[in-house]
Each structure stands twice: as C-alpha cells, then as structure tokens.
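A.B. asks: Heads up, the sequence shown is in our numbering, so the first residue is 24 and it goes up one at a time.
Every residue, glycine too, gets a C-beta built ideally from N, C-alpha and C.
Note that the structure is predicted; figures quoted are calculated from it, not measured.
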Amino acid sequence: MRRPQLGDLHLTLLALVLVLLWDSSGLDRAALHLVGNAGGFALRDHPLTAGVLHQGGRALGWAVFALLLLNLRWPLWPGVPRAQRLRWLLALVLCVTLVPALKQFSATSCPWDLAEFGGIAHYVSHWRLGVADGGPGRCFPSGHATAAFGFLGGWFVLRGPHPRAARAWLAAVLLAGLLLGAGQWLRGAHPPSHSLWTAWLCWAINAALLARPRPTRP
C-alpha cells in the first residue's frame, strides 16, 4: 500500500494559513506606502527593478525552461525517470498558464493605477470578486513571480535521488521569487500578497503533480 506524503500536505496548508494571515492584515497597503506616494513609485522605471529584476528575471525564467526541455531529452540528474521529468515540465507549464489566466478575470488594478499613487482607481480588495475599482484591473495574482516560483517542482523531483541538489534548487527558487516579488513591489506593480499567492499556487500545483507517495509499513 502507498500513502501520500503528509508532510507536504501539512506544509501546504500551513503556507495557506500564513498567506491568508498576511492578506487579511492590511500590511499590503502599508508596504506600498513605504515605497510610493501620490506622485507614484520612484523605482517604477529604475534600471535595477525594471531592467534587471523584471526583464532579466523573465529572461532567466526562459533560460531555465530551456534547461528543463533539454532535461527531458538528455537527463541532467541521473535517477529521475522520464515520466517524472515530463510531469515536472507540465507542472511548470500549468503554473505559467494558470496564473496569467486568473489575472484575466481579476477586477483588481495594480498599485500604480490607484489614485493614492497618482492613478485613477480606488482601492478594492481582490477578494471582492467582480467589483470594479475604476482602473484597468487584471493585476491579481502576480504573473511575473511565476518566472521563479513556477520552478518549485525541482524540489519534489530531486529530493529523492539528489537531496543536496534539491535543497539548493529550492533555496535558489525561493531567493529568486523573493527578489522578483520585491522588484514588483518596489515598482508599484504588485503588493506583496500578489507574489505570495503566486508562490502558494505554484507550490500547490507542483506538490499535487510531483510529490511522490511513500510506501507504508506492512
């Protein structure tokens, strides 16, 4: 008999609770007012945030995607079955398609579109589904963060045959996600919660598709 990895489920639920706590705390707006004012966001077009972290982050995501395509044909980590490598790639594709699809149905506008930061929209919680804020909407959750968090599958795939590589992969993905999310916050593109929800969605998708059950004792 086989049973699911309860640790993965518990961690996923704990992460969900933590994201919900942040989302309900009101800290999003406080964080935005630390870096923006009625004149907008000073770092919106800064070379570091708009260039390195935004454009560069996107380019890095495509580069790692190409690496996983190569891994499908020529295994980069011995001991990982082809079926698991394929699921890894499919989980990534699902992440980078689902999050942008959710954005298309979001009435929430980006922070730089809010009147308090020089735009035209008024603040409406992204949980008030279908309630327009007077702006262009289509900003929740963060699509850019998938360029990092979409690759969380490496942790699940590598932790069995290559535990050290798995830990390094997880640390790199989380660090990249933190940097990309911080860049979008500093630019006024997304509050922290938008990136946190993307991180949780990507984790849940990868866990559902890639976390391998372990055998129970007879």
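In angstroms, rounded to a whole number, what distance separates the CA positions of His33 and Trp178?
C.D. replies: Taking the straight line from one Cα to the other gives about 16 angstroms.
A.B. asks: Quick one: which unbroken alpha helix (DSSP H) runs of 4-plus residues sit fully inside the region 99-135? Chain order, please.
C.D. replies: If we require 4 residues or more, the alpha helix (DSSP H) runs fully inside the region 99-135 come out as 105-127.
A.B. asks: Measure the alpha-carbon distance for Ala188 versus Leu99 and round it to whole angstroms.
C.D. replies: Spanning the two alpha carbons is a distance of roughly 11 angstroms.
A.B. asks: If you draw a straight line from the C-alpha of Ala234 to the C-alpha of Arg108, how long is it?
C.D. replies: Between Ala234 and Arg108, the C-alpha separation is close to 13 angstroms.
A.B. asks: Quick check on Ala144: does DSSP put it in helix, strand or coil?
C.D. replies: Three-state result, Ala144: strand.
A.B. asks: Run the CB neighbour count on Leu71, radius 10 Å, all protein chains shown included, and call it buried at 16 or more, exposed below.
C.D. replies: Looking at its Cβ environment, which holds fewer than 16 other Cβ atoms inside 10 Å, Leu71 is exposed.
A.B. asks: Using the rule of at least 16 other Cβ atoms within 10 Å of the residue's Cβ for burial, across every protein chain shown, is Arg190 buried or exposed?
C.D. replies: Arg190 is exposed by the Cβ-count criterion.
A.B. asks: Under a Cβ-count criterion, where at least 16 other Cβ atoms within 10 Å of its own Cβ denotes burial, should Gly153 be classed as buried or exposed?
C.D. replies: With fewer than 16 Cβ atoms within 10 Å of its Cβ, Gly153 is classed as exposed.
A.B. asks: Under three-state DSSP, which class holds Gly30?
C.D. replies: Note: Gly30 maps to helix in three-state DSSP.
A.B. asks: Do His217 and Pro164 count as a contact pair if the criterion is CB distance below 7 angstroms?
C.D. replies: Yes.
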